[in-house]
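Data block below; observations after.
Protein chains: 2
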Amino acid sequence: MGEIIEPRTLRGFRDSLPQQELLKEEIQGNLARVFRRAGFVPIDTPALEYAEILLGKGGGETDKQVYRFLDHGQRDVALRFDLTVPFARFMAAHVQELYLPFKRYHMAKVWRGENTQRGRYREFIQIDFDIVGVDSPSADFEILAVMHEAIRALGVQHFHIHLSHRELFNQFLGSMGLQSAYLEVLRAIDKLGKLGREKVDAMLAKLAGAERAAAILSFVEAGGSSQATLDKLAAAVPRDSSALRRLTEIQACVVEAGLGDVVRLDPSITRGLDYYTGVVYETFLDDLPGIGSVCSGGRYNDLASLYTKEQLPGVGSSIGLDRLLSALEELGVLPAAQAAPDVLVLCLDDTLIAAYHRLATELRSRGLAAEVYPSARKLSVQLKYAERRGIPLALFHGEAEAASGLCNLRDLRTRETCDGLTVQAAAETAARLLRP
Amino acid sequence: MGEIIEPRTLRGFRDSLPQQELLKEEIQGNLARVFRRAGFVPIDTPALEYAEILLGKGGGETDKQVYRFLDHGQRDVALRFDLTVPFARFMAAHVQELYLPFKRYHMAKVWRGENTQRGRYREFIQIDFDIVGVDSPSADFEILAVMHEAIRALGVQHFHIHLSHRELFNQFLGSMGLQSAYLEVLRAIDKLGKLGREKVDAMLAKLAGAERAAAILSFVEAGGSSQATLDKLAAAVPRDSSALRRLTEIQACVVEAGLGDVVRLDPSITRGLDYYTGVVYETFLDDLPGIGSVCSGGRYNDLASLYTKEQLPGVGSSIGLDRLLSALEELGVLPAAQAAPDVLVLCLDDTLIAAYHRLATELRSRGLAAEVYPSARKLSVQLKYAERRGIPLALFHGEAEAASGLCNLRDLRTRETCDGLTVQAAAETAARLLRP
């Protein structure tokens with residue numbers, strides 16, 4: 001044996017311990033049910049792809065955030081850094097064998113070499129859902145409705161989904177003769193949350209003058225009810241604005257679905273700088289506004305234009321599971337994941353192990369989760385193990401009980417014991433003790 | 437827009453289409469239930485680790501099968517190529533905050549740059565389950581029992597788990613004075629399935645002479661009932677063989693559990709050349725013996741000796757999901773994954789989309805999976821979409837029905853229609869049509 005190697009992980013990478021992993025399993029199960037109930041289907045794509053696919057041709061300057069390398073065959077490859085680019089490639093490759101509209105969800109790991117000093121992880125789970133092949137208010141609303149269902153399925157009660165339209169803001173700037181400053185203004189607005197109103201006002205004044213800065217801020221801070229915001233927007237953009245019509249149609253669905261209190265029209269939502277071309281969404285937790293949006297997305301004109309000439313409009317949204325988990329933990333609304341089985345079958349005598357496994361099997365066949373302690377260590381060690389794992393019940397079956405075929409059941413929480421039970425009686429008693 | 441990039445994947449890497457992915461979700465869900473019912477808990481580890489961790493110090497000569505590269509920080513890193521090495525590192529890192537015995541399962545992707553010409557994939561899902569921190573016949577049997585439950589949970593009826601003990605064969609060779617040829621003999625035996633008896637006989641004769649070759653083949657071909665094999669083995673190894681005692685104890689559990697017909701003592705099972713030190717397992721499908729073992733494992737003395745001085749004996753087994761899926765497909769026993777929702781709410785009028793979403797929500801709240809067609813395209817297009825996806829029922833709600841608030845439900849399989857239904861009546865009718 002050589003020297004011991006320190007069992008460390010890379011910075012920004014983490015092990016997932018059972019409690020955490022059970023929670024992820026449960027949350028992903030709940031979300032899958034939400035998606036499937038609405039007709040979405042799951043897909044997966046490779047973790048590793050040609051760098052050209054993920055970064056685009058001429059994406060030569062190595063993005064520091066992308067894990068990129070030459071494989072054994074000297075192929076230029078990279079680990080996926082999101083689920084959108086692989087989905088675009090996927091649609092281009094499979095659109096003929098699929099159908100449109102195509103509604104998919106994808107829950108999988110992505111990798112980014114982010115700066116870990118800001119508490120960022122380099123490996124995290126992304127959950128995306130999209131409707132591709134249609135550009136309609138109905139699809140825009142459906143993503144909104146699924147976002148709402150998904151966040152609720154995680155046990156969060158108090159949150160708001162903010163809704164806007166990229167084109168709307170564009171038109172408003174146009175009406176002020178500011179088309180050419182579009183990106184700069186958007187960039188400034190995007191910083192409202194971080195820098196505050198005063199600093200952004202100063203930035204805008206520098207770009208467009210004090211008067212137009214005030215008008216811009218008034219536009220994005222529309223506030224009030226969604227209907228009031230719509231009215232205000234209507235006054236600021238051309239009468240035939242298709243963006244305004246789209247928002248109005250979505251808002252009608254929102255009201256009819258009883259989501260009027262959850263969904264807010266909010267022109268300050270801009271979702272970064274390119275990519276999105278229609279509606280945009282962000283989701284904020286009322287009790288933790290500071291962590292930013294936990295579920296965001298929007299509409300794009302053309303998903304897969306890098307890989308196919310077929311135009312694929314779409315709309316979708318995305319949850320960063322790890323960030324959301326931290327938030328849920330902070331809120332104390334994490335669903336309780338059950339890590340422990342119901343019953344520990346104690347090993348009191350090594351000659352009886354066949355009987356212990358039979359007892360466990362019979363308990364399982366009656367719907368209980370049962371585990372056999374795997375060797376006849378001291379009773380105190382076995383009970384300590386049960387305690388450490390949080391196993392509520394212990395089944396005793398020693399030499400004396402072996403003769404009679406019966407067993408004793410102890411509730412380790414109350415220290416109550418029921419003696420002389422058949423397996424069936426033990427299973428019934430256990431069920432009663434666990435779910436009184 | 438530049439040139440179109442061909443939407444290809446790397447050789448040995450595949451997209452997973454919805455039908456396939458639903459199946460994987462379902463299978464992994466079933467397996468998780470089996471594991472958890474027996475007290476196993478899930479963990480996860482990073483896909484990317486220090487190469488030193490995965491390959492060991494001085495594992496300098498680059499293994500061609502390992503995806504290994506320098507990251508942005510010039511760290512020597514690699515993608516995991518199995519789930520055992522990361523688990524060893526995991527145990528060394530976390531044993532203090534966990535408990536022993538520790539029973540974990542891990543279902544995750546691994547990557548190996550295998551030769552794709554033999555139909556191998558370079559990215560595949562591995563499913564491992566282990567009991568660490570105890571060396572006992574009870575733990576050995578438990579892995580066997582969970583293997584049995586897991587394979588059955590996949591819908592496979594006809595299979596056999598082959599069981600042996602590495603030490604036993606060692607002792608037998610010792611009794612013939614062949615200790616030094618151990619590895620060579622093992623290597624020859626390992627080829628019985630591939631090369632056939634005659635060629636292996638010749639190889640063994642060259643190593644040990646014709647007489648001992650015959651004795652070796654007779655030993656590994658023990659055949660007959662497990663009890664007969666035990667008796668035969670007892671005659672060939674030292675009387676105080678702990679390996680024989682271990683197998684005898686496991687066999688008693690096997691019989692008591694009613695698994696006597698499924699589990700076979702088979703001394704020809706050797707599981708490669710190093711690593712395992714105790715029992716070894718392999719699982720063969722009766723109807724597809726040619727694909728080799730679909731679930732294999734064994735006992736090891738010391739899991740994490742590279743990373744800690746704490747000795748961690750363990751026993752475990754592993755399923756290669758992708759290979760098993762191909763096998764299940766060939767056997768025609770794949771569980772039917774339901775890719776389609778129950779009801780398609782047709783979009784007959786773009787001014788009614790809010791009503792369509794409300795109808796879908798109400799159907800969902802009554803336990804049905806319901807999807808809204810997202811725009812008012814021609815009815816034939818919408819019905820073709822339903823057919824393509826295999827959606828059995830369609831809900832009609834047009835201008836006429838909007839006035840009355842009622843809707844019509846059509847069974848697309850039989851073309852029967854029920855008209856003038858309230859949503860509640862539609863939901864009840866749908867439930868009846870789907871699950872008559």
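Keeping their order, the protein sequence lines are chains A and B. Here the numbering used here is used: the first residue of the first sequence is 1, the next is one more, and so on. Here the numbering used here is used: the first residue of the second sequence is 437, the next is one more, and so on. Note that beta-carbon positions come from the ideal geometry of N, C-alpha and C, so glycine has one too. These numbers were taken from a predicted model, which means no experiment stands behind them.
Tyrosine 711/B versus leucine 467/B: straight-line alpha-carbon distance, rounded: Looking up residue 711/B in the second sequence gives position 275. Looking up residue 467/B in the second sequence gives position 31. For tyrosine 711/B and leucine 467/B, the distance between alpha carbons rounds to 26 Å.
Just to confirm the assignment: which complete beta strand (DSSP E) runs, minimum length 3, are found wholly within the region 237 to 324 of chain A? 263 to 265, 279 to 285, 295 to 300 and 314 to 320
Give me the Cα-Cα distance between phenylalanine 159/A and arginine 264/A, rounded to the nearest whole angstrom. Start at 1 with the first residue of the first sequence, and residue 159/A comes out as number 159. Start at 1 with the first residue of the first sequence, and residue 264/A comes out as number 264. Going by C-alpha positions, phenylalanine 159/A is about 11 Å away from arginine 264/A.
Considering Cα atoms alone, identify which of Leu760/B, Ile755/B and Ser741/B is closest to isoleucine 727/B. Locating residue 727/B in the second sequence gives position 291, where the first residue counts as 1. It is Leu760/B whose Cα lies nearest to the Cα of isoleucine 727/B.
Out of Glu123/A, Gly29/A, Glu6/A and Leu204/A, point me to the one whose CA is closest to arginine 14/A's CA. As a first step, residue 14/A must be located in the first sequence, where it is residue number 14. With distances taken between CA atoms, arginine 14/A lies nearest to Glu123/A out of Glu123/A, Gly29/A, Glu6/A and Leu204/A.
I want to verify the contact list: residues of chain A whose CB lies under 7 Å from the CB of cysteine 843/B, in sequence order. Within the second sequence, residue 843/B is the residue found at index 407, counting from 1. Within chain A, no residue comes near cysteine 843/B; the closest Cβ sits about 15 Å away, beyond 7 Å.
Can you tell me the Cβ-Cβ gap for isoleucine 479/B and phenylalanine 526/B, rounded? I've got them flagged as a contact below 8 Å. In the second sequence, counting from the first residue as 1, residue 479/B sits at position 43. In the second sequence, counting from the first residue as 1, residue 526/B sits at position 90. Yes, they are in contact, since the Cβ atoms of isoleucine 479/B and phenylalanine 526/B sit about 6 Å apart, within 8 Å.
Residue-level contact to chain B via CB, serine 16/A, 7 Å cutoff: As a working mapping, residue 16/A is identified with position 16 in the first sequence. At least one chain B Cβ lies under 7 Å of serine 16/A.
Taking only runs of the alpha helix (DSSP H) that begin and end inside the region 476 to 527 of chain B, which ones reach a length of at least 4 residues, in chain order? Scanning the region 476 to 527 of chain B from its first residue to its last, the whole alpha helix (DSSP H) runs of 4-plus residues come out as 487 to 491.
DSSP three-state label for alanine 108/A, please. Numbered from 1 along the first sequence, position 108 holds the residue referred to as residue 108/A. The answer is strand: DSSP assigns alanine 108/A an E or B state.
If we ignore side chains and look at the alpha-carbon of each, how far apart do arginine 648/B and isoleucine 587/B end up? Stepping through the second sequence from its first residue, residue 648/B is reached at position 212. Stepping through the second sequence from its first residue, residue 587/B is reached at position 151. Their Cα atoms are separated by approximately 38 Å.
Can you check which of these residues, Leu406/A, Cys253/A and Ser404/A, is closest to alanine 790/B by C-alpha distance? One-based indexing of the second sequence puts residue 790/B at position 354. With distances taken between Cα atoms, alanine 790/B lies closest to Cys253/A.
With a threshold of 16 other CB atoms inside 10 Å of the CB of methionine 1/A, please say whether the residue is buried or exposed. Position 1 of the first sequence holds residue 1/A. Note that methionine 1/A scores 49 on pLDDT, short of 50, meaning its location in the model is unreliable; the coordinates nonetheless yield the value given after this. The residue is exposed, with fewer than 16 neighbouring Cβ atoms inside 10 Å.
Helix, strand or coil for glutamine 562/B, going by three-state DSSP, please let me know. The residue labelled residue 562/B in the question sits at position 126 within the second sequence. Of the three classes helix, strand and coil, the one that applies to glutamine 562/B here is strand, per DSSP.
With 7 Å as the threshold, decide whether the Cβ of valine 779/B is near any Cβ in chain A. Taking the second sequence and counting its residues from 1, the one referred to as residue 779/B is at position 343. It does not: the Cβ of valine 779/B has no partner Cβ on chain A nearer than 7 Å.
Sorted by chain position, which residues of the same chain lie with C-beta nearer than 6 Å to glycine 856/B's C-beta, five sequence neighbours on each side aside? Taking the first residue of the second sequence as 1, we reach residue 856/B at position 420. If we look at glycine 856/B and ignore the five residues flanking it on each side, its Cβ neighbours are Leu842.
Between phenylalanine 219/A and the rest of its own chain, which residues show a CB-CB distance below 7 Å, the 5 nearest in sequence each way excluded? Taking the first residue of the first sequence as position 1, residue 219/A is located at position 219. Around phenylalanine 219/A: Phe172, Ala236 and Pro267.
Under 6 Å Cβ to Cβ from leucine 683/B, same chain only, skipping five residues before and after it: list those, please. Working through the second sequence from its first residue, we reach residue 683/B at position 247. Taken in chain order, the residues that qualify are His601.
Per-residue burial, valine 817/B [other beta carbons within 10 Å of its own, 16 or more giving buried]: Along the second sequence, one-based indexing puts residue 817/B at 381. Per the 10 Å Cβ criterion, exposed.
Which residue from Leu334/A, His357/A and Thr417/A puts its Cα closest to that of serine 375/A? For this step, residue 375/A is matched to residue 375 along the first sequence. When each option's Cα is compared against that of serine 375/A, the closest is His357/A.
Counting only Cβ-Cβ distances shorter than 8 Å, please list the residues of the region 473 to 503 of chain B near chain A, keeping chain order. Arg473, Ala474, Gly475, Val477, Pro478, Ile479, Asp480, Thr481, Pro482, Ala483, Leu484, Glu485, Tyr486, Glu488, Ile489, Gly492, Lys493, Gly494, Lys500 and Tyr503
Considering only C-alpha positions, which residue in the set Ile143/A, Ser138/A and Leu393/A is nearest to aspartate 130/A? The sequence position of residue 130/A within the first sequence is 130, counting from 1. It is Ile143/A whose Cα lies nearest to the Cα of aspartate 130/A.
In this structure, does DSSP put glycine 420/A in helix, strand or coil? To locate residue 420/A, count along the first sequence from 1; it is residue 420. Collapsing the DSSP output to three states places glycine 420/A in a strand.
Helix, strand or coil for asparagine 115/A? Go by DSSP, reduced to three states. By 1-based counting over the first sequence, the position of residue 115/A is 115. Correct three-state label for asparagine 115/A: coil.
Taking the alpha-carbon of glycine 332/A as reference, which of Tyr50/A, Leu154/A, Gln117/A and Val66/A has the nearest alpha-carbon? Stepping through the first sequence from its first residue, residue 332/A is reached at position 332. Of the listed residues, the one whose Cα sits closest to glycine 332/A is Leu154/A.
Using beta carbons (cut-off 7 Å, strictly below), is glutamate 798/B in contact with chain A? For this step, residue 798/B is matched to residue 362 along the second sequence. Cβ-Cβ to chain A under 7 Å: no for glutamate 798/B.
Residues near methionine 176/A by beta carbon distance below 6 Å, same chain, minus five either side: Residue 176/A sits at position 176 when you count from the first residue of the first sequence. So the list reads Arg212, once near-sequence residues are dropped.
Measuring alpha carbon to alpha carbon, tell me which of Lys545/B, Lys820/B, Asp738/B and Leu742/B ends up nearest serine 98/A. Looking up residue 98/A in the first sequence gives position 98. The question names serine, but residue 98/A is leucine in the sequence shown. Considering only alpha carbons, the answer is Lys820/B.
What does DSSP give as the partner residue(s) for leucine 346/A in the beta ladder? Position 346 of the first sequence, counted from the start, is the residue given in the question as residue 346/A. Beta-bridge pairing links leucine 346/A to no other residue.
8 Å Cβ shell around alanine 208/A - same chain, five flanking residues per side excluded: Within the first sequence, the letter at position 208 stands for residue 208/A. Taken in chain order, the residues that qualify are Met176, Leu178, Ala181, Val185 and Ile216.
Coarse secondary structure for alanine 431/A, derived from DSSP in three states: Locating residue 431/A in the first sequence gives position 431, where the first residue counts as 1. DSSP places alanine 431/A in helix when its eight states are reduced to three.
Going along the region 801 to 816 of chain B in order, which residues come within less than 7 Å of chain A, judged by CB to CB distance? Within the region 801 to 816 of chain B, the residues whose Cβ lies closer than 7 Å to some Cβ of chain A are Ala805, Glu807, Val808, Pro810 and Ser811, listed in chain order.
Compute the Euclidean distance between the alpha carbons of alanine 431/A and proline 392/A, then round it to the nearest angstrom. Counting from 1 along the first sequence, the entry for residue 431/A is found at position 431. Counting from 1 along the first sequence, the entry for residue 392/A is found at position 392. Rounded to whole angstroms, the separation of the alpha carbons of proline 392/A and alanine 431/A is 11 Å.
Listing by chain order, which chain B residues have their CB less than 8 Å from the CB of valine 134/A? The residue labelled residue 134/A in the question sits at position 134 within the first sequence. Within chain B, the residues near valine 134/A are Pro810 and Ser811.
Simplified DSSP assignment, three categories, for alanine 474/B: Here residue 474/B refers to the residue found at position 38 when the second sequence is read from its first residue. Alanine 474/B falls in the coil class under three-state DSSP.
Is the distance from the Cβ of isoleucine 597/B to the Cβ of threonine 706/B below 7 Å? Taking the second sequence and counting its residues from 1, one reaches residue 597/B at position 161. Taking the second sequence and counting its residues from 1, one reaches residue 706/B at position 270. Not in contact: isoleucine 597/B and threonine 706/B (Cβ atoms no closer than 7 Å).
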